[in-house]
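Quick note, the working numbering runs 6 ahead of the 1-based positions in the sequence shown. Each residue gets a CB set at the ideal place from its N, CA and C atoms; glycine is no exception.
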Amino acid sequence: MGEAVVLDIGREALYTVILVIMPVLGAGLITGLLVAIFQATTQIQEQTLAFVPKIFAVLAAIGFFGPWIMTTVVEFVQELLRNIPLYLGG
7 MGEAVVLDIG REALYTVILV IMPVLGAGLI TGLLVAIFQA TTQIQEQTLA
57 FVPKIFAVLA AIGFFGPWIM TTVVEFVQEL LRNIPLYLGG
């Protein structure tokens, strides 16, 4: 297995991780921004008010995007396993 193959596998793995994590991070980011704007306008500085909605938003995003995330990760792993003979030089 050459250095280029290892780098290509690593690049594809990082791309897949970034692709599947973006919807969940986006939901948390948008929720955090909305809660921060709400806290700034109402002058409420309660830490749990910022934390709890983000937890629910991330859980909802995982529930909504979960099947797509699983499909994407399974396809990536299947492609890796399918190409093991090619990676080993066979």
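Taking all protein chains in view, the Cβ of Val23 is surrounded by fewer than 16 other Cβ atoms within 10 Å, so the residue is classified as exposed.
Inter-residue distance for Lys60 and Phe70 is about 15 Å (C-alpha atoms, whole angstroms). By the Cβ neighbour-count rule, Thr37 is buried, with 16 or more other Cβ atoms within 10 Å of its own. The straight-line gap separating the alpha-carbon atoms of Ala33 and Gly95 is approximately 42 Å. In this structure, Val30 places its C-beta atom within 8 Å of the C-beta atom of Ala67.
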